[in-house]
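In the UniProt record's numbering, the protein residues as written are 1 to 189.
Beneath this line is the structure, given in structure tokens, with notes to follow.
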């Protein structure tokens, strides 16, 4: 083989290695996936980390999708209209909105108001709620079952309104006040 052919083969091998290394870097999993508007800041090393105790969830399903309760058990659902806020521990807009969701829940006992934590790091989700002083019951969705089953947009936070298992509305936005959320919810009932 002549020198030019050897250099060509060597260059092709180096280029292939660089492309494969780049692909591995780009395809590696990130905390919380690529979904949402926030940026992951610190990841739990395991989704099986101890989850702090949290309030019980109203039923084993929300919107017809069976999910685990984040740090709590289950109680029988007694209310037909459910307002669901989908959030994640690393999402800064979620951090700002969750106290608004809790205020809305306190002001509207005629609705069942719950969260769905859309990230595998359940302990981080429960810890964030506890840090914020938010007592909202939340379901744990480690693998995007809720959003995937219901065909929800790939953004968080978002709020979904159900009557029973019937999806009435999806609001892929941040609510700045309980009054704003109240107007949106009552507008679809």
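Note that CB positions come from ideal geometry on N, CA and C, so glycine has one too.
Note that this is a predicted model, so its numbers are computed, not measured.
Starting from the C-beta of residue 23, find all residues in its chain whose C-beta is less than 7 Å away, skip the five residues before and the five after it, and write them out in chain order. Its pLDDT being 43, under 50, residue 23 is placed unreliably by the model, and the measurement read from it follows with that caveat. Here the set comprises nothing.
Simplified DSSP state of residue 158, which is helix, strand or coil: strand
If I follow the unbroken beta strand (DSSP E) through residue 126, where does it start and stop? Element bounds for residue 126: not the beta strand (DSSP E) but the alpha helix (DSSP H), 122 to 132.
Please report the straight-line C-alpha distance between residue 60 and residue 75, rounded to a whole angstrom. 8 Å
Report the three-state DSSP secondary structure of residue 110 (helix, strand or coil). coil
Can you give the Cα-Cα distance for residue 41 and residue 157, rounded to whole angstroms? The pLDDT assigned to residue 41 is 35, lower than 50, so where the model puts this residue is not dependable, and the model offers no usable value.
Rounded to whole angstroms, what's the CA-CA distance from residue 101 to residue 189? Just pull it up for me. 18 Å
Given a cut-off of 7 Å, decide if residue 126 and residue 51 are closer than it, judged by their beta-carbon atoms. yes
Buried or exposed for residue 211, please, with buried defined as at least 16 other CB atoms from any protein chain shown within 10 angstroms of its CB. Residue 211 lies beyond the residue range present for the chain, which begins at 1 and ends at 189; the question has no answer from this structure.
Determine the DSSP secondary structure at residue 94, reduced to helix, strand or coil. helix
Would you mind giving the Cβ-Cβ distance between residue 116 and residue 62, rounded to the nearest angstrom? I have them listed as a contact below 8 Å. 7 Å
Hey, residue 192 and residue 97: beta-carbon distance below 7 Å or not? Summary: the structure shown does not reach residue 192, with the chain confined to residues 1 through 189, and so no result is reported for it.
Determine the direct distance from the alpha carbon of residue 140 to that of residue 67, and round the result to whole angstroms. 6 Å
C-beta atoms of residue 119 and residue 89 nearer than 7 Å: yes
What does a CB cutoff of less than 7 Å around residue 105 pick up in its chain, not counting 5 residues either side in sequence? 113, 136
N-terminal and C-terminal residue of the beta strand (DSSP E) that residue 188 is part of: No beta strand (DSSP E) holds residue 188; the alpha helix (DSSP H) holding it covers 178 to 188.
Using CA atoms only, rank isn't needed, just tell me which of 121, 181, 162, 149 is closest to residue 91. 121
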